[in-house]
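Protein chains in written order, with this note's numbering: chain F, 4 to 256; chain G, 4 to 256.
Where is the CB? At the ideal position from N, CA and C, for every residue including glycine.
There are 2 protein chains.
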Amino acid sequence: MSRVPKAHPRAESLRVRERLVDGFKSGLVVPEGLTAHGRGEAFDYILGERTSKFARRAIEAAVAEMLLAERPVISVNGNVAALVPAEIVTLARLVGAKVEVNLFHGSKKREMAIAKYLRTHGAREVHGVDLKFATQIPEVNSDRQKVDRRGIAASDVVLIPLEDGDRAEALTKLGKRVIAIDLNPMSRTSRAADIAIVDSITRSLPLMIKTAKGLSQKPREKLQKIMKKFDNNANLNASLRFMLERLENLSRG
Amino acid sequence: MSRVPKAHPRAESLRVRERLVDGFKSGLVVPEGLTAHGRGEAFDYILGERTSKFARRAIEAAVAEMLLAERPVISVNGNVAALVPAEIVTLARLVGAKVEVNLFHGSKKREMAIAKYLRTHGAREVHGVDLKFATQIPEVNSDRQKVDRRGIAASDVVLIPLEDGDRAEALTKLGKRVIAIDLNPMSRTSRAADIAIVDSITRSLPLMIKTAKGLSQKPREKLQKIMKKFDNNANLNASLRFMLERLENLSRG
Chain F
4 MSRVPKAHPR
14 AESLRVRERL
24 VDGFKSGLVV
34 PEGLTAHGRG
44 EAFDYILGER
54 TSKFARRAIE
64 AAVAEMLLAE
74 RPVISVNGNV
84 AALVPAEIVT
94 LARLVGAKVE
104 VNLFHGSKKR
114 EMAIAKYLRT
124 HGAREVHGVD
134 LKFATQIPEV
144 NSDRQKVDRR
154 GIAASDVVLI
164 PLEDGDRAEA
174 LTKLGKRVIA
184 IDLNPMSRTS
194 RAADIAIVDS
204 ITRSLPLMIK
214 TAKGLSQKPR
224 EKLQKIMKKF
234 DNNANLNASL
244 RFMLERLENL
254 SRG
Chain G
4 MSRVPKAHPR
14 AESLRVRERL
24 VDGFKSGLVV
34 PEGLTAHGRG
44 EAFDYILGER
54 TSKFARRAIE
64 AAVAEMLLAE
74 RPVISVNGNV
84 AALVPAEIVT
94 LARLVGAKVE
104 VNLFHGSKKR
114 EMAIAKYLRT
124 HGAREVHGVD
134 LKFATQIPEV
144 NSDRQKVDRR
154 GIAASDVVLI
164 PLEDGDRAEA
174 LTKLGKRVIA
184 IDLNPMSRTS
194 RAADIAIVDS
204 ITRSLPLMIK
214 TAKGLSQKPR
224 EKLQKIMKKF
234 DNNANLNASL
244 RFMLERLENL
254 SRG
């Protein structure tokens, strides 16, 4: 049962936060994850807590990219697992992607807890938790990033919902195609990505699933066309302008 | 010792967050407080992590208001205690204000921990922790708000650094003059307040102390003049326009 009063003007946002706090209490989420979520909330507040048409375009391109990929991987951290565990598993199945636990604040215990949580939500295989398959990739400003030899290390396309800027840049430098979900259109993650979806993961994952169901019926050429016409910089600037207009309207109100 | 790498592009923000996470680990801060801090970080990022001239004006008016007040009170929650405990005590002394622990997510244990933490930072008297003096004020959308009979209940001016919109509105409805510190110029707290300081508490508290030292030497008429010329709505709109300009510049960069 939710502890959020139904009448609260921002009940949905509070319910999502509550789910995250529950994830924190059960060991999936670290304190830093709660703070990061709050940052997202502020940008979402400016966005009007709705998926923009620019986010919809990015979602379409992202799903096309994942369907066309040879070895797509979805990278999962504590916040992602706590907020959209079943959606991650469903999307991975629909686009043929592997699921890998990849943590900025890593610990064996938390990795295992997240993998277990994903399994209870239907995941058959979860990478990133078996040291036997661990390898490292170079990363600026922090420890080297541990990845799975069978997962991110071997991937061509990586979906990183909620990722740090250094890690996003590290992946693009390795030649991976990177799809980010990030509510800040100015973040290094959004700018480093090939496709950045400026939206909350609780809204965009269900939309990605719906889009994957539709696009998986389409011919390869159609998907390539969608992918090629997407321009991440132009889309990010449009998202930012959209947020600016929202702020301008709010400032008049 | 800070765990933040000095070279990180946003080291100061990370150090503040670290102090909050430490406060969380020692039981001052709740998970929801970490999320709330993250929201502030995002707005501060847009502000450029600097105190604007509009915030400086609000600070001047706020300090004048507190110096003129009969029974000013500073309301302290977990985040405030974790981030600026000594500054709260110093400001209270300079303006003759009482300090009251007032929690949105209340618990006896946390109240006591916060009061103790304030005492180790020099507070002689901390209100809000003795049930003998507890009374309640009406509040929309949540449980009634517990306040101290000798503190907030009897106050004419309340400083609420980091407060929920419902609580801020409840105080203004009771006829209190409300001074808020809130990084979101569109929040209900900022709009409900008589004076809203759109700035981080880690920057604005030291500035309030400096201002209190200066203004306490001034005649009463001078303080009244400062107070009367302040227009909260105009100041909030100016703050918002300032943020808009920042976003516009960021979007060009």
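- prompt: Should F/K135 go down as buried or exposed, given a rule of 16 or more other Cβ atoms within 10 Å for buried?
  reply: exposed
- request: Give the DSSP-derived three-state secondary structure of F/M4 in the structure shown.
  value: Unreliable positioning characterises F/M4 in this predicted model, as indicated by a pLDDT of 47, which lies under 50. The coordinate reading is nonetheless provided below. In this structure, F/M4 counts as coil in the three-state DSSP scheme.
field: Beta-carbon neighbours of F/A39, restricted to chain G and to distances below 7 angstroms
entry: G41
message: Can you find the residues in the same chain that come closer than 7 angstroms, C-beta to C-beta, to G/A64, ignoring five residues on each side of it along the sequence?
response: I198, I229, M230 and F233
task: Helix, strand or coil for G/S207, going by three-state DSSP, please let me know.
output: helix
field: Three-way DSSP call (helix, strand, coil) for G/V201 in this model
entry: coil
message: Would F/Q139 and F/A173 qualify as a contact pair, given that the criterion is a beta-carbon distance under 8 angstroms?
response: no
query: Cβ atoms of F/L250 and G/L247: under 8 angstroms apart, would you say?
result: yes
query: How many Å lie between F/R170 and F/E142 at the Cα?
result: 6 angstroms
Residues near F/M4 by beta carbon distance below 8 angstroms, same chain, minus five either side: Confidence at F/M4 is low in this model, with a pLDDT of 47, below 50, so its placement is unreliable and no value can be given for it.
query: Is it the case that the Cβ atoms of F/R20 and G/T38 are separated by a distance below 8 angstroms?
result: yes
Contacts that F/E73 makes with chain G (C-beta to C-beta distance below 7 angstroms): Simply none; closest approach about 35 angstroms.
- prompt: I think G/G168 touches G/A196, with their Cβ atoms under 8 angstroms apart; what is that distance to the nearest whole Å?
  reply: About 10 angstroms; that fails the 8 angstroms criterion.
task: Closer than 8 angstroms, Cβ to Cβ, to anything on chain G: give me those residues from the region 69 to 96 of chain F, in chain order.
output: none
- prompt: Is G/A137 helix, strand or coil when you go by DSSP?
  reply: strand
query: For G/M262, which residues in chain F fall below 7 angstroms Cβ to Cβ?
result: What the structure shows of chain G is the stretch from 4 to 256, and residue 262 of chain G is not part of that stretch, so it cannot be assessed.
field: Listed by chain order, chain G residues near F/R20 by CB distance under 8 angstroms
entry: E35 and T38
- prompt: What runs of the alpha helix (DSSP H), each 4 residues or longer, lie entirely inside the region 83 to 129 of chain G?
  reply: 88 to 98 and 111 to 123
message: Which residue wins for smallest C-alpha separation from G/V129, given the options G/G109, G/N105 and G/N144?
response: G/N105
Bridge-paired residues (DSSP) for F/S78: F/E103
message: Give me the residue from F/E15, F/I62, F/L162 and F/K119 with the minimum Cα distance to F/D133.
response: F/K119
message: Please state the DSSP three-state secondary structure of F/R180.
response: strand
message: Comparing C-alpha positions only, which one of G/R223, G/K112, G/I62 and G/E35 sits nearest to G/L162?
response: G/I62
message: List, in chain order, every chain F residue whose beta-carbon is nearer than 7 angstroms to that of G/E251.
response: L247
Below-8 angstroms beta-carbon distance, G/L243 vs any chain F residue: yes
- prompt: If you run the structure through DSSP and keep just helix, strand and coil, what is F/P34?
  reply: helix
message: Whether or not the region 39 to 54 of chain F and the region 200 to 215 of chain F are in contact is what I'm after, with contact meaning three or more pairs of Cβ atoms, one per stretch, closer than 8 angstroms; do they touch?
response: yes
- prompt: Who are the neighbours of G/E52 on chain A, taking C-beta pairs under 8 angstroms?
  reply: The displayed structure is made up of protein chains F and G, and chain A is not among them.
query: Any C-beta of chain G sitting closer than 8 angstroms to the C-beta of F/E63?
result: no
- prompt: Using a Cβ cut-off of 9 angstroms, which residues of the region 102 to 120 of chain G contact any Cβ in chain F, in chain order?
  reply: none
task: Anything in chain G within Cβ reach of F/V334, meaning under 7 angstroms, just list it in chain order.
output: With chain F running from 4 to 256 in the structure shown, residue 334 of chain F is simply not present.
message: Distance check for G/F57 and G/I184, CA to CA, integer angstroms please.
response: 13 angstroms
field: The beta strand (DSSP E) enclosing F/K149, as first and last residue numbers
entry: Q148 to D151
- request: Determine whether the Cβ of G/A195 lies closer than 8 angstroms to any Cβ atom of chain F.
  value: no
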